[in-house]
Amino acid sequence: MGTAAAAAAAAAAAAAAGEGARSPSPAAVSLGLGVAVVSSLVNGSTFVLQKKGIVRAKRRGTSYLTDIVWWAGTIAMAVGQIGNFLAYTAVPTVLVTPLGALGVPFGSILASYLLKEKLNILGKLGCLLSCAGSVVLIIHSPKSESVTTQAELEEKLTNPVFVGYLCIVLLMLLLLIFWIAPAHGPTNIMVYISICSLLGSFTVPSTKGIGLAAQDILHNNPSSQRALCLCLVLLAVLGCSIIVQFRYINKALECFDSSVFGAIYYVVFTTLVLLASAILFREWSNVGLVDFLGMACGFTTVSVGIVLIQVFKEFNFNLGEMNKSNMKTD
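Residue numbers (the working numbering): -13 to 316.
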């Protein structure tokens, strides 16, 4: 009898220990990955379509709000964000966010056709590296959830470390929006990118949190009222963040190259989102040394690919010119 009681206690302890690190089913992971990949491709087209609409509107001397191509990009952005929301509810944040890299080469290829932006042999090599790095990220990213209930979410949202991080982010946003952006925004691409990326510290955790809170609301249990209040607060934060991001993304597209903006934005946004998610959800606690190094190598490969796409885009050379140069040398 004592042995049975001890076994039951051990099972209960194991269940409690595993409650904060639940592994999604393979079907859920596959579905989440599929949605994340499609969403990244849709998001990769948004900046190009919006830039095309802005250029067309300037040529006509009208507002881009009247251009159908700009609206197509805006609708694509909304669809991509909905897809990201569904993906975040199915798999860990650190598995979904880096897949946005797939949108960078797709956007660059699309921009080369719609906006006549250059994509030379190094740019194509960068596209290949971005895709390869994304595959490495998928292989080595954590497959378990560190936060699975509304109670755990509330506990982590009130963690002093996360609250301190949010205060620092808010202070930086206020400085950028009210002091730095009016003076330097149109001439320095990092100003608008920093604003949009810092807001990612609110949008992605809020999206993930809404999915968790919705589970308790739908089950109509005693904690559903608290879950509803939490969900409404997170929806308000998410809505404000998206509106501000939307404004400064279009400001950036009016002043800068769409593919340059998209590439730098991906690197900075992903870095800050992973930092915020690591502080809030602590999904990295389930990653071993080998997987951590694998993710670091994957992210580095993606970043190098993005640099190749953008930094050398003004160089006018191709394989034919390289062969001619080699023939002259011989």
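Ideal Cβ placement from N, Cα and C applies to all residues, glycine included.
Answer with yes or no whether the minimum CB distance from residue i to chain C is below 8 Å.
| i | result |
| --- | --- |
| Pro91 | The chain labelled as chain C is not found in the depicted structure, where only one protein chain is given. |
Less than 6 Å between C-beta atoms, sequence neighbours within five positions excluded: which residues of the same chain meet that for residue i?
| i | result |
| --- | --- |
| Trp56 | Gln36, Gly39 and Tyr50 |
| Cys241 | Pro172 |
Short of 7 Å in beta carbon distance, which residues of its chain neighbour residue i, apart from the five on each side in sequence? Order them along the chain.
| i | result |
| --- | --- |
| Val24 | Gly69 |
| Thr32 | Gly59, Ala62, Met63 and Gly66 |
| Val326 | There is no way to answer for residue 326, as the model of the chain reaches only from -13 to 316. |
| Leu72 | Val21 |
| Leu111 | Leu294 |
| Leu221 | Ile196 |
Given a cut-off of 8 Å on the beta-carbon distance, is the pair residue i and residue j in contact?
| i | j | result |
| --- | --- | --- |
| Val28 | Gly66 | yes |
| Ala76 | Leu139 | no |
| Ile295 | Cys113 | yes |
| Val288 | Gly119 | yes |
| Gln231 | Leu266 | no |
| Ala262 | Tyr151 | yes |
| Lys194 | Tyr74 | yes |
| Ser26 | Gly109 | no |
| Phe92 | Gly30 | yes |
Between the C-alpha atoms of residue i and residue j, what's the straight-line distance to the nearest angstrom?
| i | j | result |
| --- | --- | --- |
| Leu214 | Val155 | 26 Å |
| Lys44 | Cys283 | 42 Å |
| Arg233 | Ile175 | 14 Å |
| Val293 | Ala249 | 8 Å |
| Lys142 | His126 | 25 Å |
| Ile163 | Val149 | 21 Å |
| Lys102 | Thr52 | 23 Å |
| Val219 | Ile107 | 48 Å |
| Ala264 | Val121 | 21 Å |
| His170 | Phe247 | 16 Å |
| Val147 | Ala97 | 41 Å |
| Pro172 | Trp165 | 13 Å |
| Asn145 | Leu239 | 37 Å |
| Ser227 | Gly280 | 32 Å |
| Thr48 | Ser244 | 20 Å |
Where do the N-terminal and C-terminal ends of the alpha helix (DSSP H) with residue i fall, by residue?
| i | result |
| --- | --- |
| Ser49 | It is not in any alpha helix (DSSP H) - Ser49 carries neither H nor E in the DSSP assignment. |
| Glu140 | Gln136 to Leu143 |
| Leu101 | From DSSP, Leu101 is part of no alpha helix (DSSP H); its letter is neither H nor E. |
| Leu159 | Pro146 to Leu161 |
Excluding the 5 residues preceding and the 5 following residue i in the sequence, name in chain order all residues of the same chain whose CB lies nearer than 8 Å to its CB.
| i | result |
| --- | --- |
| Leu95 | Note on residue identity: the sequence assigns Ile, not Leu, to residue 95. Contacts found: Leu105 and Cys113. |
| Leu159 | Ile181, Leu184 and Leu185 |
| Gln136 | Leu198, Ala199, Gln201, Asp202, Ser209, Arg212, Ala213 and Leu216 |
| Leu115 | Thr287, Val288, Val290, Gly291 and Leu294 |
Report the three-state DSSP secondary structure of residue i (helix, strand or coil).
| i | result |
| --- | --- |
| Arg360 | Outside the displayed range of the chain (-13 to 316) lies residue 360, so it cannot be described from this structure. |
| Ala(-5) | Confidence in Ala(-5) is poor, its pLDDT being 37 and thus under 50, which makes the residue's placement too unreliable to answer from. |
| Asp243 | coil |
| Pro191 | helix |
| Pro168 | helix |
| Thr60 | helix |
| Asn174 | coil |
| Gly30 | helix |
| Gly274 | coil |
| Ala200 | helix |
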